[in-house]
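Trainee: In our numbering, the protein residues as written are 92 to 163. The beta-carbon is built from N, C-alpha and C at its ideal position, and this holds for glycine as well. The structure presented is a predicted model; accordingly, all values stated were derived computationally and were not measured. Next up is a structure, given as structure tokens.
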């Protein structure tokens, strides 16, 4: 399952325009990772190796994510 974290990093790096503002992808990631993978993702974000949000779009993505989780 560690491969999934490496794939997430590459997908966000190479397809930034389609992934950074995509709440469905965020829902997929959050529903499939475990605590160890979450810690690894957080480390990559804090190190600057992974950008999952833009500063100006974080609230919009999170509200869409919450809406998606309620509707699913």
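Return helix, strand or coil for residue 144, following the three-state DSSP convention.
Mentor: Three-state result, residue 144: coil.
Trainee: So, is residue 132 buried or exposed, given that buried needs 16 or more other C-beta atoms within 10 angstroms?
Mentor: Under this definition residue 132 is a buried residue.
Trainee: Which word fits residue 157, buried or exposed, when buried means at least 16 other C-beta atoms lie within 10 angstroms of its C-beta?
Mentor: Exposed: under 16 other Cβ atoms inside 10 Å.
Trainee: Could you tell me the alpha carbon to alpha carbon distance between residue 96 and residue 154, rounded to whole angstroms?
Mentor: Cα-Cα distance, rounded: 24 Å.
Trainee: Measure the alpha-carbon distance for residue 142 versus residue 128 and round it to whole angstroms.
Mentor: Spanning the two alpha carbons is a distance of roughly 16 Å.
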